[in-house]
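**Q** This is the structure I want to talk about, given as structure tokens.
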Amino acid sequence: MKVSRNWLQTYFEKPIPKATELAELFNFHAFEVEGIEEVDDDSVLDVKVLPDRAHYALSHRGIAREVSVITGMPLKAHRIPTGPEATLTKMPEVRVENTQFCRRYMARYAEIPSVKGSNPHAEAMLSAIGQRAIHSIVDATNIVMFDCGQPLHIFDADKVVGTIVVRNAKEGEKILLLDSVAGADREVALLATDHVIADDEGPIAIAGVKGGKRAGIVSTTRHLIIESANFDPTSVRRTSTRLNLRSESSKRYENEITPELTATGMNDVCALILHNISEAQFGPIVDTYPVKAKQTHIDFDPAYLEERLGITVPLADARDILMRLGVHVVEKKSSWQLSIPYERLDLMDPVDIVEEVGRVYGYDKVQSALPPALEDMVPMDKTFYWTEYLKDLLVTQGFSEAQTYTLVSKGHCEVSYPLASDKSALRERLTPKMGEVLTMNAHNADLLGLETVKVFEIGKVFPKSGEKVSIAIGVLQIKKKKGVTSESVLREVVARLEKISGASFAARFETIGGAMIAEADISMREGSGVPSFKGKLSELDSGLFSKGKRYIPFSRYPFITRDIALFAPADTDEEMVQHVIQTSLRDSADKLLVKGPDCFDRFEKGGKKSFAFRMIFQAFDRTLSDEEVNGFMQALYTAVKGKGWEVR
Amino acid sequence: MKEDSPRGHLHPITTTIREICLVFDKLGFSVVSGPELETEFHNFDALNVPADHPARDMQDTFWIKTKKGEEKKVLRTHTSPVQVRFMQQMAKEGPKPFKIIVPGKVYRNEATDTTHEAQFYQVEGLYVNERVSMAELKGVLEHMMKKLFGDDVEIRFRPSFFPFTEPSVEVDMRWRGKWLEMGGAGLVNPKVFEAAGLDSKKWQGFAFGFGIDRIAMLKFGYDDVRLGYTGDLRLINQF
Chain A
5 MKVSRNWLQT YFEKPIPKAT ELAELFNFHA FEVEGIEEVD DDSVLDVKVL PDRAHYALSH
65 RGIAREVSVI TGMPLKAHRI PTGPEATLTK MPEVRVENTQ FCRRYMARYA EIPSVKGSNP
125 HAEAMLSAIG QRAIHSIVDA TNIVMFDCGQ PLHIFDADKV VGTIVVRNAK EGEKILLLDS
185 VAGADREVAL LATDHVIADD EGPIAIAGVK GGKRAGIVST TRHLIIESAN FDPTSVRRTS
245 TRLNLRSESS KRYENEITPE LTATGMNDVC ALILHNISEA QFGPIVDTYP VKAKQTHIDF
305 DPAYLEERLG ITVPLADARD ILMRLGVHVV EKKSSWQLSI PYERLDLMDP VDIVEEVGRV
365 YGYDKVQSAL PPALEDMVPM DKTFYWTEYL KDLLVTQGFS EAQTYTLVSK GHCEVSYPLA
425 SDKSALRERL TPKMGEVLTM NAHNADLLGL ETVKVFEIGK VFPKSGEKVS IAIGVLQIKK
485 KKGVTSESVL REVVARLEKI SGASFAARFE TIGGAMIAEA DISMREGSGV PSFKGKLSEL
545 DSGLFSKGKR YIPFSRYPFI TRDIALFAPA DTDEEMVQHV IQTSLRDSAD KLLVKGPDCF
605 DRFEKGGKKS FAFRMIFQAF DRTLSDEEVN GFMQALYTAV KGKGWEVR
Chain B
1479 MKEDSPRGHL HPITTTIREI CLVFDKLGFS VVSGPELETE FHNFDALNVP ADHPARDMQD
1539 TFWIKTKKGE EKKVLRTHTS PVQVRFMQQM AKEGPKPFKI IVPGKVYRNE ATDTTHEAQF
1599 YQVEGLYVNE RVSMAELKGV LEHMMKKLFG DDVEIRFRPS FFPFTEPSVE VDMRWRGKWL
1659 EMGGAGLVNP KVFEAAGLDS KKWQGFAFGF GIDRIAMLKF GYDDVRLGYT GDLRLINQF
């Protein structure tokens, strides 16, 4: 909700705090302010009004009340004059068929000499909060809605035929809508669960959502029917959502407003029309209000404040806060009888009062305390401990833990409105993604210093038989070694895990490319062959969390691997060679050398030592070229030869 | 090879969850879990988020296609449904005071960027007793943040709204000179006790929910939440 500081100021005699100070006060006592914008000589606060406060705070009146509650500044007593008396006798005929849906309907006939254009003051007020001024009549309805929170609508009385009826739409009934913003008219078809304002010829508005074109105001309009009404939130929400017609009006209705506000809206809009068009004349107000709104009364024990907040709020302060909120307080012997203002539909129970007093008094005054120890401790979730235990076992076997997406392209459980086609279903197995993870990491094996890519994932899968916890263990052997394959490594590890843990996994093995993956259901259930449970959280590896280790960003560009092999005299050691390589590359490649030099081979032959080193080059901001790396290597060969060593 | 099998690496989310659970274990909270594929009742209705109510818009939801007549299912949008499941179990077995902590994966149907992901981890805490206050909530959260981020952190509450707590607050932490939004909390709304079958006249509680990815990212310094779900060992093997 965009809130103009100038607009708020009209509620007070004395100057209110600056926008930045208001934002600070709101943030700590009411609602989050998401931004402040300077507009001409005004400041506009973007206030995030959440659904509980939307009954009253989607209005400058509601926000002004908050300013008064938080700062203690009194609100002006008579800000808006009582609306005009009836000087005409003409009255619209109104019939409310569905009183569940329409809790109150007020209508009033009026005559004007012409639809005047917008006045500059209205234009400034509306544009500050991001609204467009249209003409004096529509502006009046908008200003009153943003002021007090009551949506309003005005029909051209000459185009309304017969009786105004508030009723359910007929299935398939059509209405051509006003669309002043896009300029294009739109016809929509209605369902029997929608509600319309209709005359003898058909719908003239979708109730609470949008006006129809047929009885809309045009420049030649002289006779008006002013509507102020209260509609059922759920129904308005369903209709506006289905038709994709969410408006400032529907937003206020769907959050629910009190039918008591209907009269305020009618009064204020008539007063404003008269203010804009002094020749305007009005008929009597027709008010259909079958069941008057009940005021909420709460029996409140003030000791409950201390019990729930954990601080002592002086009772005089608590009472003052409530009174500033508009709550009528009658102090009885052991409790307070609170009468809640009609617009505060969010205040129903004593806990709601605790929140109101707590936030205004200030949560900063709440002092920390720890809850008492309990006699019984809840047993730890077995699957949780079991999965964490397995993670630790796998890490000791050299495996790293991956986490991948639950949402994949195909599966038994499908998502209704997926973000993307490759994320339209819940995974049934972990294996396919594990294959991708192994392949991706294999490309970086040199950089990671891995001869074998070993990864596992533990997570929920959703096959036809239902949600369960699955483990996938994947191996991709990169370095060729005699007798060692992805499969041999994996089978050995699974056997070892079963031996250590005492569980039998009944894993399913699968080959994807050169990788081998084992997947098993590890949901903890009775008789599932899982070892008896004795684990403690403190026995788990807590990793580097408290060690202050920080992430070092990696380059997303390809890297280049180069080896150098050389012969040196027998008295040369590995460190000497490494030092020579490092020195040369520090001068030429500098930070482009991201890994190495690592000695990966050494032997002695004919009184000479042979060394082989591997280096990896990579740039952070671009793809390195072979030519560039060749340059570093040429310089390195020269340095090595300079030592009298022989490059192989 | 010198080392035939060097140690592998735990995912940063795993170590973060363990650290959090350990902190709460010492305060007497036990780890509890629940399904990721939830019923509409547990994810929304029982948590005082009725159908066709604006509060439903606060979380973009992945609905699962169901056949006619089947109960509507969602990928849980928060770990809070586990509160309801646990309290239902309590109501059945005979209620008594308890402290639980629920780490787990949750889902939101929203566009992703460096700080938003369609799946992420949350940790839920719930303490129920005959008398529970905001002071205790603040004490527990302050303790948690100090243990995770160091003794010099401060926390503060700002008013907020969650249908399942009343009062509701946002929890901020001051760390390295900056105030950071860390999570939401509040006193358990009596309506949630009633929906779960516990007597709201007798029982009180506090609940909180924090994003684990956010804690992991702050702690380990990686700057893109999505990086955690790529399986890229260039991240994982750093930790």
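Residue numbers (the working numbering), protein chains in the order written: chain A, 5 to 652; chain B, 1479 to 1717. By construction, the Cβ of each residue, glycine as well, lies at the ideal position given by its N, Cα and C atoms.
Can you grab the Cα-Cα spacing for the pair residue 197 of chain A / residue 101 of chain A, in whole Å?
**A** Straight across, the Cα-Cα distance linking residue 197 of chain A with residue 101 of chain A is about 14 Å.
**Q** Who pairs with residue 401 of chain A in a beta bridge, going by DSSP?
**A** Partner residues in a beta bridge of residue 401 of chain A, as assigned by DSSP, do not exist.
**Q** Using the Cα positions of residue 61 of chain A and residue 248 of chain A, report the straight-line distance between them to the nearest angstrom.
**A** One C-alpha to the other measures close to 24 Å.
**Q** Could you give the uninterrupted runs of the alpha helix (DSSP H) lying entirely in the region 1658 to 1697 of chain B, keeping only those of 4 residues or more?
**A** 1668 to 1674
**Q** Please specify which runs of the beta strand (DSSP E), each continuous and at least 3 residues long, are wholly inside the region 166 to 224 of chain A, giving them in chain order.
**A** 168 to 172, 178 to 181, 190 to 193, 199 to 203 and 206 to 210
**Q** Strictly below 9 Å CB to CB, what residues from chain A border residue 1541 of chain B?
**A** Neighbours of residue 1541 of chain B across chain A, judged by C-beta separation under 9 Å: 419, 420 and 421.
**Q** Report the rounded CA-to-CA distance for residue 335 of chain A versus residue 367 of chain A, giving the unit in angstroms.
**A** Spanning the two alpha carbons is a distance of roughly 25 Å.
**Q** Does residue 274 of chain A come out as helix, strand or coil in the three-state DSSP assignment?
**A** Residue state, collapsed to three classes: helix.
**Q** Measure the C-alpha to C-alpha separation of residue 317 of chain A and residue 309 of chain A and round it to an integer number of angstroms.
**A** 7 Å
**Q** Alpha carbon to alpha carbon, how far is residue 571 of chain A from residue 579 of chain A?
**A** 14 Å
**Q** Three or more C-beta pairs under 8 Å: does that hold for the region 264 to 272 of chain A against the region 222 to 237 of chain A?
**A** Output reads yes: the region 222 to 237 of chain A touches the region 264 to 272 of chain A.
**Q** For residue 1714 of chain B, go through chain A and note every residue whose CB falls closer than 8 Å to its CB, in chain order.
**A** 404, 405 and 406
**Q** Entirely within the region 1543 to 1573 of chain B and at least 3 residues each: give me those beta strand (DSSP E) ranges in chain order.
**A** 1551 to 1553
**Q** Name the chain A residues whose beta carbon is nearer than 9 Å to that of residue 1680 of chain B?
**A** Under the 9 Å cutoff, chain A gives no residues; its nearest Cβ is about 14 Å from residue 1680 of chain B.
**Q** In the DSSP output, what is residue 477 of chain A paired with across the bridge?
**A** A/460 and A/522
**Q** I need the DSSP call for residue 1491 of chain B, collapsed to helix, strand or coil.
**A** helix
**Q** Give the single residue among B/1513, B/1506 and B/1609 whose Cα lies nearest to the Cα of residue 527 of chain A.
**A** Looking at the Cα atoms, B/1513 is the closest of the given residues.
**Q** Can you give me, in chain order, the residues of the region 108 to 135 of chain A that have a beta carbon less than 8 Å from any beta carbon in chain B?
**A** Nothing from the region 108 to 135 of chain A brings a Cβ to less than 8 Å from some Cβ of chain B.
**Q** Any contact of the region 129 to 137 of chain A with the region 194 to 213 of chain A, i.e. 3+ C-beta pairs under 8 Å?
**A** Below 8 Å, too few C-beta pairs join the region 129 to 137 of chain A and the region 194 to 213 of chain A to call them touching: fewer than three.
**Q** Between residue 6 of chain A and residue 130 of chain A, what straight-line distance do the alpha-carbon atoms span, to the nearest angstrom?
**A** 10 Å
**Q** If the cut is a Cβ gap below 7 Å, which residues of chain B does residue 371 of chain A touch?
**A** 1613
**Q** Can you find a CB in chain A that lies within less than 7 Å of the CB of residue 1661 of chain B?
**A** no
**Q** Is residue 350 of chain A closer than 7 Å to residue 2 of chain A when the C-beta atoms are compared?
**A** Shown here, chain A extends from 5 to 652; a query on residue 2 of chain A therefore has no answer.
**Q** At which residues does the alpha helix (DSSP H) containing residue 492 of chain A begin and terminate?
**A** Start and end: 490 to 505.
**Q** In chain order, which alpha helix (DSSP H) runs of at least 4 residues are fully inside the region 293 to 346 of chain A?
**A** 307 to 313 and 319 to 328
**Q** Less than 8 Å between C-beta atoms, sequence neighbours within five positions excluded: which residues of the same chain meet that for residue 1712 of chain B?
**A** none
**Q** Checking contacts by CB at 7 Å: is residue 55 of chain A closer than that to chain B?
**A** yes
**Q** Under 6 Å from any heavy atom of the ligand NAD, does the C-beta of residue 33 of chain A make it?
**A** The model depicted lacks the ligand NAD and carries no ligand whatsoever.
**Q** Contact criterion: CB-CB distance below 7 Å. Does residue 1567 of chain B meet it with respect to chain A?
**A** no
**Q** Buried or exposed for residue 652 of chain A, please, with buried defined as at least 16 other CB atoms from any protein chain shown within 10 angstroms of its CB.
**A** exposed
**Q** Classify residue 11 of chain A: buried if its beta carbon has 16 or more other beta carbons within 10 angstroms, exposed otherwise.
**A** Residue environment: residue 11 of chain A is assigned as buried (16 or more neighbouring CB atoms within 10 Å of its CB, all protein chains considered).
**Q** Quick check on this structure: which residue in A/456, A/358, A/201 and A/420 has the alpha carbon closest to the alpha carbon of residue 109 of chain A?
**A** A/201
**Q** Can at least three beta-carbon pairs, one atom from the region 1575 to 1590 of chain B and one from the region 1604 to 1612 of chain B, be found at a separation below 8 Å?
**A** The region 1604 to 1612 of chain B and the region 1575 to 1590 of chain B touch, with three or more beta-carbon pairs separated by less than 8 Å.
**Q** For a contact meaning CB atoms closer than 9 Å, what does residue 657 of chain A contact in chain B?
**A** Residue 657 of chain A is absent from the structure shown; chain A starts at 5 and stops at 652.
**Q** Rounded to the nearest angstrom, what separates residue 1522 of chain B and residue 166 of chain A at their Cα positions?
**A** 45 Å
**Q** Quick one: give me the first and last residue of the beta strand (DSSP E) that residue 228 of chain A is part of.
**A** 227 to 235
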